[in-house]
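J.:
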Amino acid sequence: MCTQRIDVAPWCRGDDTMQPGETPSVLALSNGRGDPKRDSIVGVYLDADGHFREHITLDRLVDMDDAQRESFSEFLKRRRPQVVVVGGYSPAAVTLLEDFRRFAGDVARELVAAGEADDEEADQGLDYEVVEQRKANRAAFESTFVFDDVARIYQHGQRAAQEFTELSTLGKYCVGLARYAQSPLNEYAALGADLSALSYDPNQKYVSKDKVTRALERALIEVTNRVGVDLNKAVRSPYYAHLLQYVSGLGQRKADALAKKIAATQNGTLTTRQGLITHGGFGRQVFLNASGFLRIRQDDLAADLSREDEGQEEPDVLDDTRIHPEDYDVARKMAADAMEYDEEDLEGASPSKAVADLLEDDVRKLNELALDEFAEELSKVLQQPKRLTLYKIREELQNPFGEKRQPFRSPSAEERFTMLTGETRKTLDGGLIIPVRVLRVSPEEAVIVKLDCGITGHIAAELRTDAAMHTKLRPGQTLQAMVLEVKYDNMAVELSTQESFIQTGDRDRRVVKPDTWFDHDRAAAEARVAHSTQQRQTGGKVKRVINHPNFHDVSAGGAEQLLASMQRGDCVIRPSSREDHIAVTWKVDDGLYQHLAVHELNKPNEYSLGTQLRVTDKHRYSDLDELIDAHVKQMARKVTELATHERFKGSKQTLGASSLQLPAP
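Each residue of the sequence shown is one higher than the last, beginning at 605 in the numbering used here.
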């Protein structure tokens, strides 16, 4: 699971402007929690090299004033981000993405009309409809959601505080989003000790942290070595240098030492892999382990004038491939045969001249070589099988350091839903009963409600009740509703409050079913031993224990003493002398308490709490938190409204005390 999240390439546009593995320029947008009165929209732009270039703050994307509209439009036209990623802490981020797509669509049409998306050379000879479609694709601003778990850690981390001191927390969050879109591998590698703080699998909590950390490190090593590390870039960029420690044969200590030696002795540039021994301090074994995964880009060396300094070796084009230095001679021989060079043609030339000429000419010539016969000859000379090596060398020469990772994957609708709401199929799914708060009732008698996670739900008029008449509902009222369908795309939920659904309950959906390997006989024996032990310790009376912060093993009088110094509406949950019952005592006012007998229904066993809690036939709840919130707190609120009414005169004692202070007639 962790490898699947790490082993993805950077985002790549769906047109001909980018190739797989290339790093795009990114604009990251977020509106935080999405409160229009408190949260602005923050945007951060990173160029294709990962450098922070600009950030922007907007009040909104809908009904913008002319100044902000013109400013943001000019920003998009000037920067032309190759991808726009959106994130946030609430479902309001979905609206932000929709608003941006509408705004960006208008800007793209302006670019096409102004001719800024034209490419006469690329479009030459194509039909008019095809040309227009290509123009629209070039002008479009691709936008999507990305996984934000790494960005949520980054925004509060020490790295963000050191790199972007002037950015707000939301701005740092946007930097994390943009960096993830550019290089998921680099972002995970940069987490360091926080790598195991993320959730990769629902069963991760059952595995020790050390095992999780080792598994994640192995995943990073696997992907890093498959991708390769640009050595000179790692020396220059502290952010990119996080990958160096995951190269095979290195580790943190050797990676740091290598970067320091190259920076100190070679002006931050190494021209050949052989320099890992002469300048990097590598021993033979470390060199053999690591050199094939350390890439030295030839394009960068060609632009680097300092490579002609004294002591620098002549660059070798094979250092920009995955081919191991041990097999350089084999690769050179294959290139020379493909180019039909004789020994006289290569006399006095650089060792890899045939390879360089082949890459500039046509690498498809390698397909004409008889590699199987060549492998037989090599095996006789070297006494080693080389057939697979020859095919790998041909593949690498035809596509040096080609992208081998999976394509970049945006979150699915369900993953996006979980990311923005925190809800999963275990907490919000069809058949579960949940508390909802009424927002309004439509003229058609449908009810619009809000869930605890922040999304809205819909109760159709025909699904409100089994009775002939609808009860009157008021905004703010809490209801028990069964989930019928979760619409992940629309971030909405269809619900029902029909009594037949609520009374049936959702015990079958919430109970954790044992797997096929569960030893029922052993579990029953252990339960009997525990029961008998508890009876001996308590004199035959089973001591009730409920895992809830409000539970106390006290009597009614003890509960009143605990609540004496608390506020109205506070409550204590305690054992009850009645079978299949618990008691709830809550504070009505100073010296005034109510004791509720709560009947537990659908009890899995005598020690467990019932899956349905009934105070009266009309008041049923699925758990203790719901009972407290929807019953006790609601009654306490009514008491407060009653006590603050202008006609409320208080208790008899208050009235008696006030009568003594009245003036004589």
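Cβ atoms here follow ideal geometry from the backbone N, Cα and C, with glycine treated the same way.
Return helix, strand or coil for residue 1224, following the three-state DSSP convention.
T.: Start at 1 with the first residue of the sequence shown, and residue 1224 comes out as number 620. Strand.
J.: Take residue 903 as the anchor and find which of 884, 873 and 880 has the nearest alpha-carbon.
T.: Here the question's residue 903 lines up with position 299 in the sequence shown. Of the candidates 884, 873 and 880, the one whose C-alpha sits nearest the C-alpha of residue 903 is 873.
J.: What would DSSP say about residue 1185, mapped onto helix, strand or coil?
T.: Start at 1 with the first residue of the sequence shown, and residue 1185 comes out as number 581. Strand.
J.: According to DSSP, residue 631 sits in a beta bridge with which residue or residues?
T.: Counted from its first residue, the sequence shown places residue 631 at position 27. 649 and 688.
J.: So, for residue 1115: in the same chain, excluding its five sequence neighbours on each side, which residues have a beta-carbon less than 7 Å away from its beta-carbon?
T.: Position 511 of the sequence shown holds residue 1115. Correct list, in chain order: 1208.
J.: Let me know if residue 896 comes out buried or exposed under the rule of 16 or more other beta-carbons within 10 Å of its beta-carbon.
T.: Locating residue 896 in the sequence shown gives position 292, counting from the first residue. Buried, since its Cβ has 16 or more Cβ neighbours within 10 Å.
J.: Ignore the nearest five residues each way along the sequence and tell me which others in residue 1171's own chain have a CB closer than 8 Å to its CB.
T.: Here residue 1171 refers to the residue found at position 567 of the sequence shown. Result list for residue 1171: 1191, in chain order.
J.: Return the residue from the list 632, 649, 825 and 672 that minimises the CA-CA distance to residue 611.
T.: Counting from 1 along the sequence shown, the entry for residue 611 is found at position 7. Among 632, 649, 825 and 672, the Cα nearest to that of residue 611 is on 825.
J.: Using 9 Å as the threshold, is the C-beta distance between residue 1193 and residue 1160 below it?
T.: Reading the sequence shown from its first residue, position 589 is the one you call residue 1193. Reading the sequence shown from its first residue, position 556 is the one you call residue 1160. Contact flag unset, no.
J.: With a cut-off of 8 Å, do at least 3 Cβ pairs link the stretch 828-846 to the stretch 858-868?
T.: Touching, yes.
J.: Cutting at 7 Å between CB atoms, please list the residues of its own chain near residue 978, excluding the five before and the five after it.
T.: By one-based count along the sequence shown, residue 978 stands at place 374. Only 994 meet the Cβ criterion.
J.: Evaluate residue 1124 with the Cβ neighbour count: other Cβ atoms within 10 Å of its Cβ, from every protein chain shown; 16 or more gives buried, anything less gives exposed.
T.: Numbered from 1 along the sequence shown, position 520 holds the residue referred to as residue 1124. Exposed is the call here.
J.: Go through the stretch 1000-1036 residue by residue and report every complete run of the alpha helix (DSSP H) that reaches 4 residues or more, in order.
T.: Qualifying alpha helix (DSSP H) stretches, in chain order: 1017-1025.
J.: Which residue wins for smallest C-alpha separation from residue 653, given the options 636, 634, 614 and 678?
T.: Taking the sequence shown and counting its residues from 1, the one referred to as residue 653 is at position 49. It is 614 whose Cα lies nearest to the Cα of residue 653.
J.: Would you mind giving the Cβ-Cβ distance between residue 701 and residue 747, rounded to the nearest angstrom? I have them listed as a contact below 8 Å.
T.: The residue given as residue 701 occupies position 97 in the sequence shown. The residue given as residue 747 occupies position 143 in the sequence shown. Between residue 747 and residue 701 the Cβ distance is about 6 Å, and since that is below 8 Å, they are a contact.
J.: Does the stretch 674-682 touch the stretch 728-741, meaning 3 or more C-beta pairs lie closer than 8 Å?
T.: The stretch 728-741, when compared against the stretch 674-682, does not touch it at the 8 Å Cβ threshold.
J.: Thinking C-alpha only, which one of 808, 751, 797 and 927 is nearest residue 829?
T.: As a working note, residue 829 is residue 225 in the sequence shown. The shortest C-alpha separation from residue 829 is found at 927.
J.: At which residues does the alpha helix (DSSP H) containing residue 978 begin and terminate?
T.: Along the sequence shown, read from residue 1 onward, the residue named residue 978 stands at position 374. 975-986 is the extent of the alpha helix (DSSP H) around residue 978.
J.: What are the boundary residues of the beta strand (DSSP E) that residue 1198 is part of?
T.: Numbered from 1 along the sequence shown, position 594 holds the residue referred to as residue 1198. Counting along the chain, the beta strand (DSSP E) containing residue 1198 begins and ends at 1196-1205.
J.: Under 9 Å, Cβ to Cβ, is there at least one residue of chain D near residue 865?
T.: Judged by its chain identifiers, the structure shown contains no chain D, having just a single protein chain.
J.: Does DSSP classify residue 938 as helix, strand or coil?
T.: The residue you call residue 938 lines up with position 334 of the sequence shown. Looking at residue 938 - three-state DSSP - the assignment turns out to be helix.
J.: Locate the beta strand (DSSP E) running through residue 1096, then write down its first and last residues.
T.: Mapped onto the sequence shown, residue 1096 falls at position 492. Looking at the DSSP string, the run of the beta strand (DSSP E) that includes residue 1096 is 1096-1100.
J.: At a cut of 8 Å, does the stretch 918-925 reach the stretch 1001-1011 through at least three beta carbon pairs?
T.: A contact exists between the stretch 918-925 and the stretch 1001-1011.
J.: Quick one: Cα of residue 1036 to Cα of residue 1104, how far?
T.: As a working note, residue 1036 is residue 432 in the sequence shown. As a working note, residue 1104 is residue 500 in the sequence shown. Cα-Cα distance, rounded: 14 Å.
J.: With H, G and I counted as helix, E and B as strand and the rest as coil, what does DSSP make of residue 1085?
T.: By 1-based counting over the sequence shown, the position of residue 1085 is 481. Three-state result, residue 1085: strand.
J.: I'd like the list of long-range same chain contacts for residue 807, defined as Cβ closer than 8 Å, with 5 residues on each side in sequence excluded.
T.: Numbered from 1 along the sequence shown, position 203 holds the residue referred to as residue 807. No residues qualify anywhere along the chain.
J.: Whole-angstrom Cβ separation of residue 1219 and residue 1199, contact assumed at under 8 Å?
T.: Translated into the one-based positions of the sequence shown, residue 1219 becomes position 615. Translated into the one-based positions of the sequence shown, residue 1199 becomes position 595. Not really, about 12 Å apart at Cβ, beyond 8 Å.
J.: Given 8 Å as the limit, is there contact between the stretch 796-814 and the stretch 756-763, that is, 3 or more CB pairs closer than that?
T.: Touching, yes, given that three or more Cβ pairs across the two stretches are closer than 8 Å.
J.: Report the option in 815, 715 and 749 whose CA atom is closest to the CA atom of residue 1014.
T.: Reading the sequence shown from its first residue, position 410 is the one you call residue 1014. Cα-wise, what sits closest to residue 1014 is 749.
J.: Take the Cβ of residue 1073 as the centre, count every other Cβ of all protein chains shown within 10 Å, and call the residue buried at 16 or more, exposed below.
T.: By one-based count along the sequence shown, residue 1073 stands at place 469. The residue in question, residue 1073, is exposed, as its Cβ has fewer than 16 Cβ neighbours within 10 Å.
J.: Output the distance between the C-alpha atoms of residue 818 and residue 935, rounded to the nearest integer angstrom.
T.: Taking the sequence shown and counting its residues from 1, the one referred to as residue 818 is at position 214. Taking the sequence shown and counting its residues from 1, the one referred to as residue 935 is at position 331. About 36 Å.
J.: What I want to know is whether the C-beta of residue 736 ends up closer than 8 Å to one or more non-hydrogen atoms of the ligand HEM.
T.: No copy of the ligand HEM appears in this structure; indeed no ligand is present at all.
J.: Taking the straight line between their C-alpha atoms, what separation do you get for residue 648 and residue 631?
T.: For the purposes of this step, residue 648 is taken as the residue at position 44 of the sequence shown. For the purposes of this step, residue 631 is taken as the residue at position 27 of the sequence shown. Roughly 6 Å between the two C-alpha positions.
J.: By alpha-carbon positions, which one of 875, 1240, 1229 and 1033 ends up nearest to residue 920?
T.: Translated into the one-based positions of the sequence shown, residue 920 becomes position 316. The residue with the shortest Cα to Cα distance from residue 920 is 875.
J.: To the nearest angstrom, how far is the alpha carbon of residue 1117 from that of residue 786?
T.: Counting from one through the sequence shown, the residue named residue 1117 turns up at place 513. Counting from one through the sequence shown, the residue named residue 786 turns up at place 182. Those two C-alpha atoms are separated by around 42 Å.
J.: Kindly indicate which three-state DSSP category residue 874 falls into: helix, strand or coil?
T.: Stepping through the sequence shown from its first residue, residue 874 is reached at position 270. If DSSP states are grouped into helix, strand and coil, residue 874 belongs with coil.
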